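Chemist:
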Amino acid sequence: MASKDFDRMEDSNRSSNPSIHDVSDPARRTVLRGSLGVAAAALYGPLVAACAGPSGRETPRAIEPTIGFKGVPVDATDKLVVPEGYVASVIAAWGEPIGVPGNMPAWKPDGSNSAAEQAVQMGMHHDGMEYFPLNGNSSSRGLLMMNHEYTDDGLLHVGGFNNMNADKVKKSQMAHGLSVIEVEMKGDGWQMARPSRYARRFPMDAPFEVRGPAAGHPMMKTSADPAGLRVLGTLNNCAASKTPWGTYLSGEENFMFYFGGGDNIAAHHRRWGMRKDGFYQWEKFDPRFDATKEPNEPNRFGWVVEVDPYDPTSTPIKRTALGRAAHEGAWVAVTKDNRAVVYSGEDARFEYLYKFVSRDRIQPGGAKANATLLDHGTLHVAKFNADGSGQWLPMVHGQGPLTAANGFADQGEVLIKARQAADILGATKMDRPEWLAIDPLTNWVYCTLTNNSNRGQPNFPGVDAVNPRANNSMGQIVRWQEERDFDATSFKWNHLVLAGDPANERAEAKGNIKGDIYGCPDGIAFDARGVLWIQTDAHATQMYKGEFKNIGNNQMLACDPRSGQTRRFLTGPTNCEVTGVTWTPDGRTMFINIQHPGETPSDRSDPADPGKFSRWPDYQPGGRPRSATVVIRKRDGGIIGT
Ligand code: FEO
Ligand code: CA
Ligand code: CA
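Taking the numbering used here, the leading residue of the sequence shown gets 1056, the next gets one more, and so forth.
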């Protein structure tokens, strides 16, 4: 989500890291073009074949995964389209009871469910999601855990966002957070298994433990939690992943939307994008979100949270060692000696990419055996060089400029102020890093940089090698290979693709896609065969016109990362985002999420006509569109994508 009103919140980075200016200087650019193929490839990407690495050196794979389906055309109608031979069905739409035994209130299509009912129903605006098999490794019964990123209060309430009050705020808070549901295949179809002992919601009143170096830090203490060890709720959760030890990781993304800062906002909070008023009016009815009353409360969000969905009694944890950021999500790679390396980015303009390397090794024995794994290790931030190399800069208190004299009293403060630490280290300011994915066959790491309309504009950072387009409306996918192993501090990188439409007049909007076109890549994930699945999130303010006029609804594509060939697999309903993807272990069922069908340019629907742009998936006259999970199967029961 990128609210138009809150546009500026996503580019609160006014630091002047030297790397940007180095590579945006026209004189230097000429030198690079003449002397280094790497820089030429990066800076003049639209002219370069999608998969040729910088200076034509190695591409990341020797095996070509087959993509066997017949691609679907661009579509701009209010329906979900999958290829011939596939069938898609909807489960677990917003408001469905999740299956808490004895407490399964039915969804009311007019928005009149109470906050208490919403607390045991599917949250709004489904996002990242993972399948956790039951019965060993079942591909017909499992848990789906997912994020509910934000609310459209125009749809959520009778009367919408007008006359907000404490009850509406409470309902909005209950529609946020995370869900665990049990799902099962019956015959050919999947359904929610209700009631289920696993069914859980983690809305804004769910307790989370704080662990790692910032636990108990003075900047984490509030009047409700003087110890700084326990936070109620998680916010704006976007992407998700599953750890090798069987837990769920979720990123707290643009949490600052929820806080009001009043007239005198502290420099620290200003750096994180705090505004006078929150986007949701929570601070008017819940003093916790009024930073003039609780100035430390925002420090308790922006973390990666870890949950064990298999244990219905488990307490979710905020893992502060991974750093505070507008985390899209977090993804685990494993070193040769079995340590965890966690990649994460923050979806905000000109912010950063991070990597945490655990001190300890992953232990057999699941969640309980790895309960402290993500609490000890070293966080790094990425610096991309114009020659196709890169470094991971350690974010360790006392090393380099991360000292008390520069405003970092201890490691806890480095982590709470990770953006400021990255600024001072000279990390590379990116074009909104969204999802990451690790190629299971080659160990290359991929990251979507969804767009950045302010890149290269007056008073904003200029283009650089990895973010090579001014007014970057379309986004790109960057990839890198670590030197020797995932814990390395140096890497080499190139672009998989610059997204766009070759029919566009503006050079920066053409891109170099091989195959079906798209813009604004966001969700990405590899399947077990090594196919890279790409999901898009162009905003309602961009779609169906201008540079996006040929691109239609948001969509999902399959890409062979070796050749770069891309084929459109699915198109979503009007104004939706396609996000979240997970598979059963046999690869024969794919689950995705359709988020915010019918999104309005303001991110807030008109309660007088809540289905103005979409009535998916129910198509009821006067009805409200609903985010929902979609189950995709091949009619012949085959592996998805073959
Ligand atoms: Fe929540 Fe970055 O999309
Ligand atoms: Ca996203
Ligand atoms: Ca997005």
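Here a beta-carbon is modelled for each residue, glycine too, at the ideal position from N, C-alpha and C.
These numbers were taken from a predicted model, which means no experiment stands behind them.
Excluding sequence positions up to five away, which residues of its chain have a Cβ less than 8 Å from the Cβ of asparagine 1168?
Modeler: Here the set comprises Gly1150, Pro1160, Trp1162, Gln1176, Lys1226.
Chemist: Would you list, in sequence order, the uninterrupted alpha helix (DSSP H) runs of no fewer than 4 residues that lie entirely inside the segment 1402 to 1452?
Modeler: Runs of the alpha helix (DSSP H) inside the segment 1402 to 1452: 1421 to 1424.
Chemist: Using the Cα positions of isoleucine 1695 and glutamine 1446, report the straight-line distance between them to the nearest angstrom.
Modeler: About 37 Å.
Chemist: Closer than 7 Å to a non-hydrogen atom of ligand 3 - does that hold for the CB of threonine 1637?
Modeler: No, Cβ of threonine 1637 sits at least 7 Å from all heavy atoms of ligand 3.
Chemist: In this structure, how does DSSP classify aspartate 1077 when only helix, strand and coil are distinguished?
Modeler: Residue confidence is low: aspartate 1077 scores 31 on pLDDT, short of 50, so the model does not pin down where it sits. Its coordinate-derived value is still stated next. Note: aspartate 1077 maps to helix in three-state DSSP.
Chemist: Are isoleucine 1320 and methionine 1329 close, meaning C-beta to C-beta below 8 Å?
Modeler: Contact flag set, yes.
Chemist: Could you tell me whether the Cβ atoms of alanine 1282 and phenylalanine 1314 are closer together than 8 Å?
Modeler: No, the pair does not count as a contact, with Cβ atoms beyond the cut-off.
Chemist: With distances taken Cα to Cα, identify the nearest neighbour of aspartate 1494 among Gly1301, Glu1560, Val1387.
Modeler: Checked all of Gly1301, Glu1560, Val1387; the closest Cα to aspartate 1494 is Val1387.
Chemist: Identify the residues that DSSP records as bridge partners of histidine 1323: which are they?
Modeler: Per DSSP, none; premise fails for histidine 1323.
Chemist: For arginine 1247, list the residues DSSP reports as bridge partners.
Modeler: Sequence inspection shows methionine at residue 1247; the arginine mentioned does not correspond to that position. DSSP, once it has assigned bridges, lists Val1238 as partnering methionine 1247.
Chemist: Quick one, which of Asn1507, Asp1577, Ser1528 has its alpha-carbon nearest aspartate 1561's?
Modeler: Before going further, note that residue 1561 is arginine rather than aspartate in the sequence given. Residue Ser1528 is the option with its Cα nearest to arginine 1561.
Chemist: Can you tell me which of Lys1472, Ser1296, Tyr1407 puts its alpha carbon nearest to the alpha carbon of alanine 1322?
Modeler: The shortest C-alpha separation from alanine 1322 is found at Lys1472.
Chemist: Please say whether valine 1586 and phenylalanine 1646 have beta carbons closer to each other than 8 Å?
Modeler: Not in contact: phenylalanine 1646 and valine 1586 (Cβ atoms no closer than 8 Å).
Chemist: Examine ligand 3 and report whether any of its heavy atoms sits within less than 7 Å of the Cβ of threonine 1390.
Modeler: Threonine 1390 Cβ: outside cutoff for every heavy atom of ligand 3.
Chemist: Using only the alpha-carbon positions, how far apart do serine 1194 and aspartate 1577 sit?
Modeler: Those two C-alpha atoms are separated by around 27 Å.
Chemist: I need the DSSP call for lysine 1339, collapsed to helix, strand or coil.
Modeler: The answer is helix: DSSP assigns lysine 1339 an H, G or I state.
Chemist: Look at the alpha carbon of isoleucine 1532 and the alpha carbon of asparagine 1648, and state the distance between them as a whole number of angstroms.
Modeler: Approximately 21 Å between the Cα atoms of the pair.
Chemist: Quick check on glycine 1696: does DSSP put it in helix, strand or coil?
Modeler: Coil at glycine 1696, not helix or strand.
Chemist: Where does the unbroken beta strand (DSSP E) through methionine 1201 begin, and where does it stop?
Modeler: Methionine 1201 -> beta strand (DSSP E) spans 1196 to 1203.
Chemist: Are there three or more Cβ pairs, one per stretch, closer than 8 Å when the segment 1547 to 1565 is compared with the segment 1608 to 1619?
Modeler: The segment 1547 to 1565 vs the segment 1608 to 1619: in contact.
Chemist: With a threshold of 7 Å (Cβ to nearest heavy atom), would aspartate 1486 be considered close to ligand 1?
Modeler: Aspartate 1486: no, Cβ never under 7 Å from ligand 1.
Chemist: So which of Val1213, Arg1285, Pro1299 has the shortest CA-CA distance to phenylalanine 1187?
Modeler: Cα-wise, what sits closest to phenylalanine 1187 is Pro1299.
Chemist: Please tell me whether glutamine 1650 and glutamate 1204 are closer than 8 Å, where the distance is taken between their beta carbons.
Modeler: A contact, by the Cβ cut-off of 8 Å.
Chemist: In three-state terms, what does DSSP make of glutamine 1610?
Modeler: Residue state, collapsed to three classes: strand.
Chemist: By how many angstroms is the C-alpha of glutamine 1475 removed from the C-alpha of tyrosine 1407?
Modeler: Near 11 Å, if we compare the C-alpha coordinates of glutamine 1475 and tyrosine 1407.
Chemist: For threonine 1505, count neighbouring Cβ atoms within 10 angstroms of its own Cβ and tell me buried if that reaches 16, exposed if not.
Modeler: Threonine 1505 is buried by the Cβ-count criterion.
Chemist: Under 8 Å, do arginine 1374 and arginine 1266 count as touching if we go by C-beta distance?
Modeler: Going by C-beta atoms, arginine 1374 is nearer than 8 Å to arginine 1266.
Chemist: Tell whether a beta-carbon distance below 8 Å holds between alanine 1295 and isoleucine 1153.
Modeler: Against a cut-off of 8 Å, the Cβ pair of isoleucine 1153 and alanine 1295 comes out as no contact.
Chemist: Use the C-beta contact count for histidine 1594: other C-beta atoms within 10 angstroms, 16 or more gives buried, fewer gives exposed.
Modeler: Classification for histidine 1594: buried.
Chemist: In chain order, what residues of the same chain lie with their CB nearer than 7 Å to the CB of alanine 1269, ignoring the 5 residues before and after it?
Modeler: Correct list, in chain order: Met1275, Thr1375, Gly1467, Leu1470, Ile1471.
Chemist: So, for glutamine 1228: in the same chain, excluding its five sequence neighbours on each side, which residues have a beta-carbon less than 8 Å away from its beta-carbon?
Modeler: Once the five neighbours on either side are set aside, the close Cβ partners of glutamine 1228 are Ala1170, Pro1258, Met1259, Asp1260, Gly1288, Trp1337, Asp1341.
Chemist: Name the two residues that bound the continuous alpha helix (DSSP H) containing glutamine 1454.
Modeler: Glutamine 1454 -> no alpha helix (DSSP H), and no H or E assigned at all.
Chemist: Between the alpha carbons of aspartate 1318 and asparagine 1461, how many angstroms are there, rounded?
Modeler: Rounded to whole angstroms, aspartate 1318 to asparagine 1461 spans 26 Å at the Cα level.
Chemist: Please determine whether the Cβ atom of aspartate 1582 lies at a distance below 7 Å from any heavy atom of ligand 1.
Modeler: Not under cutoff, so the answer is no.
Chemist: Does the contact criterion of 3 or more C-beta pairs under 8 Å hold for the segment 1229 to 1246 versus the segment 1434 to 1450?
Modeler: As far as the Cβ criterion goes, the segment 1229 to 1246 does not touch the segment 1434 to 1450, which means the pair count is below three.
Chemist: Spell out the partners DSSP gives phenylalanine 1257 in its beta bridges.
Modeler: Note: phenylalanine 1257 sits in a beta bridge opposite Leu1233.
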